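Notes to accompany the following structure.
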Amino acid sequence: MDDAAQVPGQPGQPDEFDLTFLSAANATFIAEMNAAWRRDPSAVDSRWAAYFERLNALGDSSAEIEQGPSWARNGSRIVGATDPADSVNAVAAGHAAGRHMNAGDMRAATLDSLRAVMLIRAYRIRGHLLADLDPLSLETKPLHPELDPATYGFTDADWDRPIFINYVLGLETATLREIVETLRKTYCSTIGVEFMHVQDPAQKAWIQERIEAIGNRTDFTKRGKKAIYERLVDAEQFEKYLHKKYTGTKRFGVDGGEAMIPALEQILKRGTQLGVGEIVVGMAHRGRLNILHNVFGKPFRAIISEFLGNPANPEDAGGSGDVKYHMGASSDREFDGKTVHLSLAPNPSHLEIVDPVVVGRVRAKQEQRRDTERKEVVGILLHGDAAFAGQGVVAETFAFSALRGYRTGGTIHIIHNNQIGFTTSPHYSRSSPYPTDVAKMVMAPIFHVNGDDPEAVVHAARIAIEFRQAFGSDVVLDIFCYRRFGHNEGDEPMFTQPLMYKAISEHPTTSSIYAESWSLKAS
């Protein structure tokens, strides 16, 4: 408040008609003082009282001013400003959709909306717990209490009553049945999404919109389905040939997790569309030979040469060398007329030790390209589920992700989650329900996907590269699958995991499941 507004006409003032205290900043204060003077002249300072008396003698119109302009609503008031009961009565007297609602109806409708929004939020947070992720269906999943409508007060009689949800899930009104069906389709299908731990509101809103707008599915064209199927067959037949031709020879096949191949293809293809010019890949031995051939284009004859004990290249003869599933590679691939350079880092048998090496190579290549936006060179790390949860170097690599001088604009982590570590079941090797919880330290979104639904895997892979390019942050793709044979092809897993491997022996391959589902949909 201005000093002059405290007491007008104070002694020593050069001009008694100086009205500088009548500023907009003092308007509310002066109006309240005037109202108090009207009720009781002795309630204000004597000099203020004298001022208001002079103002009133000139014909004060303040009462008219307080009523507002001619176009304002007459007799308007702040609902509930003096009496809470007035608020209830005023709301109850209103009309919704042209229909009179009493206080009871209004309360019931409001409670329905609140409960529905709470249920929707619960599915966004915990819907992944009900997702159909395990291709083998080894365990049943109980209904989490927070995902049960009854927890929020809904009964069987409420399933078909319309509820106003104000375009949450893209619907203005919906029945409880429609809400639950939409939520389960989006958050509890063969994709489970963990993203509500992300603190960046823009990232969280992007993921939410990206998956809810399309029900967390991509409607692939016939050409797209054919491309996915061909990649599955390529991956499967590669492993089958080697398994039959070189029975018992170590190759650490990708059998049971073939969906990883079309997922990588999608990341490469979509990445080139988003400006990626180079990709550095790091991985352990599981699936390396398959990726070398089907993704990097390493000639099959070179791989066969290594199975025969010879080097892949004649000029390497006489050197020290290494086993075939440790080898690196580099190649160029073309997608839609755009070329992307691929490099696979060599890797020892020390699981995950290659992770910081790949991140460092990505950063170095970005510096060479002057890629300050970190969008032209991308790192992809492929992990096993047991190693991702158990190796400390994984957390150390995540710790680099936002550090100045080390950050790379986000790494895409793909977990080949075959639900076993050598011979150990997950509940004997980690304390968390998923192997991915370490990624939450950098608030990376996590997409859990059933590996027997290759369309879902490719859909999630596409979102992963789009998220990385949009926000420059790490993202995790957790592909639930299985290991059709032992840790290496010389092991017999029935001795240590009889129940799991009985289920695996009776389980059809991913390509055959996809072919059957495709033919059924086509018919």
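Residue -11 is where the sequence shown starts when you use the numbering used here, and the numbers rise one by one after that.
Ideal Cβ placement from N, Cα and C applies to all residues, glycine included.
Everything numeric in this text was worked out from a predicted model, so none of it was measured.
Are the CB atoms of residue j and residue i within a distance shorter than 8 angstroms?
i	j	result
Val345	Thr396	no
Ile249	Asn278	yes
Val382	Asp343	yes
Gly245	Gly439	yes
Asp324	Gln379	no
Ala444	Val437	yes
Pro442	Leu220	yes
Val328	Glu266	yes
Met488	His185	no
Asp243	Arg472	yes
Glu477	Lys238	yes
Val525	Ile202	The question about residue 525 has no answer here: the residues shown for the chain are numbered -11 through 511.
Gly115	Leu131	no
Ala37	Pro29	yes
Val268	Lys353	yes
Ile151	Thr163	yes
Ile467	Asn405	yes
Ser123	Tyr394	The question names Ser, but residue 123 is Pro in the sequence shown. No, the Cβ-Cβ distance between Pro123 and Tyr394 is not below 8 angstroms.
His314	Asn298	no
Gly259	Ala333	no
Met106	Tyr140	yes
Gly285	Ser318	no
Ala449	Trp194	no
Phe386	Asp462	yes
Consult DSSP for residue i and reduce its assignment to one of helix, strand or coil.
i	result
Asn405	strand
Asn90	coil
Ala119	coil
Lys286	coil
Pro496	coil
Tyr502	helix
Thr399	strand
Ala491	helix
Thr360	coil
Lys326	strand
Phe40	helix
Phe435	strand
Arg65	In this prediction, Arg65 scores a pLDDT of 37, lower than 50, which makes its location untrustworthy; the coordinate-derived value is nonetheless stated afterwards. Coil, per DSSP.
Thr411	coil
Ser293	helix
His314	helix
Ala374	helix
Ala84	Reliability of the predicted coordinates at Ala84 is poor, the pLDDT of 44 falling under 50, and no value is obtained from them.
Val186	coil
Ser337	coil
Ser125	coil
Leu391	coil
Val242	coil
Glu52	Low confidence applies here, because Glu52 scores a pLDDT of 49, under 50, leaving its location unreliable; read the following figure in that light. In this structure, Glu52 counts as helix in the three-state DSSP scheme.
Asn77	Any reading at Asn77 is ruled out, since the residue's pLDDT is 48, under 50, leaving its predicted position unreliable.
Asp71	Note that Asp71 scores a pLDDT of 45, beneath 50, so its modelled location is shaky and nothing firm can be said.
Please report the residue range of the beta strand (DSSP E) in which residue i lies.
i	result
Ser419	Where Ser419 is concerned, there is no enclosing beta strand (DSSP E), given that its DSSP letter is neither H nor E.
Glu227	It is not in any beta strand (DSSP E) - Glu227 instead sits in the alpha helix (DSSP H) that spans 210 to 233.
Asp320	317 to 323
Asp441	Note, Asp441: premise wrong, no beta strand (DSSP E); not H, not E.
Pro150	150 to 156
Val381	Premise fails: Val381 lies in the alpha helix (DSSP H), 380 to 388, not in any beta strand (DSSP E).
Glu134	Premise fails: Glu134 is in no beta strand (DSSP E) and is neither H nor E.
Ala31	Careful: Ala31 lies outside any beta strand (DSSP E) and carries neither H nor E.
His145	Before going on, a small fix: residue 145 reads as Ala here, not His. Element bounds for Ala145: n/a, residue is neither H nor E.
Thr163	159 to 163
Glu182	179 to 182
Glu266	266 to 270
Gly203	That residue, Gly203, is in no beta strand (DSSP E); it is neither H nor E in DSSP.
Between residue i and chain D, is there a C-beta pair that is closer than 8 angstroms?
i	result
Glu266	The question asks about chain D, but that chain is absent: this structure has only one protein chain.
So, under 8 angstroms CB-CB, residue i and residue j are touching, yes? Tell me the CB distance rounded to an integer number of Å.
i	j	result
Leu159	Ile108	Not quite, the Cβ-Cβ distance comes to about 10 angstroms (not below 8 angstroms), so this is no contact.
His338	His371	That belief does not hold up - the Cβ atoms of His338 and His371 are roughly 13 angstroms apart, past 8 angstroms.
Ala119	Thr178	7 angstroms
Leu517	Phe435	Absent from the model: residue 517. The displayed extent of the chain is -11 to 511, so no value can be given.
Ala104	Ile167	6 angstroms
Ser500	Tyr217	Between Tyr217 and Ser500 the Cβ distance is about 10 angstroms, and since that is not below 8 angstroms, they are no contact.
Val455	Pro423	In the sequence as presented, Val is not what sits at residue 455; that position holds Phe. 20 angstroms between Cβ atoms; not a contact.
Ser417	Ala374	6 angstroms
Just curious, the alpha helix (DSSP H) that residue i is in, first and last residue?
i	result
Gly348	343 to 357
Glu200	189 to 200
Gly259	248 to 261
Mind listing, in chain order, the continuous beta strand (DSSP E) runs of no fewer than 3 residues lying wholly within the segment 447 to 484? If we require 3 residues or more, the beta strand (DSSP E) runs fully inside the segment 447 to 484 come out as 463 to 468.
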